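If you're matching positions, the sequence shown starts at 897 in this note's numbering and goes up one per residue.
Where is the CB? At the ideal position from N, CA and C, for every residue including glycine.
Here the structure is a predicted model, which means the values were calculated and not measured.
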Amino acid sequence: MFFLTDFKIGFWNAWIFMSAFLIQMLVIFFVDKRVRERSHISFKLRRNRLERYASILGNIIWFLALAYSVFLPLRTGTIWFYTGLVVFMTGLSLLTFATYNFIATPVDQLITKGVYSISRHPMYLATFLICAGAGFASGSLLFVSLSIIMSFCFYQEAVIEERYCLDRYGSAYREYQKKTSRFIGIPQKHPG
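The following block contains the structure:
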């Protein structure tokens, strides 16, 4: 693994892994207007200065990683590629199920089923795994580092979203917090 790797545009580059996000966004965009609006609630939430900077930084890093992935060749046939592929597939599975749960749950209800029973923020966890997987598969320590920094920024977003959920869902969300880890944990029985 290298901090900086080859920098060339190509078909077999890390963008293949990163395209999962674009596909997910298109699915959410075309499913239902209310679902689409729910997916953008965090942009409307109040933030203090640190939270605003973390949000901006996280999104900038995500866009830079997306652009960088176009120029980042995958290291096919190496242990790094296969390690990255496993991490990516884990993230992609999580993103797929989280997106399904997000869409399938009525807009006015708290999402607690499926992968949301093991993580209150499975999409942020999936984002980290997909990006880290792309970094490993391309042998880029820089890309993995960007993924780690981005995950700290998304942690701030998760905290902000939880404030919103506490305001909106009250004691139901408080109970959900007690039973479900913020990012990853052992599933516990949910009421109903």
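| Query | Result |
| --- | --- |
| Inter-stretch contact (C-beta, 8 Å, three-pair minimum) for the region 1038–1058 and the region 992–1012 | no |
| Residue burial classification, leucine 1042 (beta-carbon count within 10 angstroms, cutoff 16) | buried |
| Status (buried if at least 16 other CB within 10 Å, exposed otherwise) for tryptophan 908 | exposed |
| Buried/exposed call for tyrosine 996, threshold 16 Cβ in 10 Å | exposed |
| Rounded separation between isoleucine 1044 and phenylalanine 1024 - CA only | 7 Å |
| Proximity winner among Ser965, Ala1068 and Gly973, relative to valine 1089 (alpha-carbon distances) | Given that the chain is displayed from residue 897 to residue 1088, the structure contains no residue 1089 and the question cannot be resolved. |
| Alpha helix (DSSP H) segment containing glycine 973, residue limits | Premise fails: glycine 973 is in no alpha helix (DSSP H) and is neither H nor E. |
| Per-residue DSSP class, three states only, for serine 1036 | strand |
| Helix, strand or coil at proline 1018 according to DSSP, with G and I counted as helix | helix |
| Start and end residues, alpha helix (DSSP H) containing lysine 1074 | 1067–1075 |
| Bridge-paired residues (DSSP) for asparagine 909 | Pro969 |
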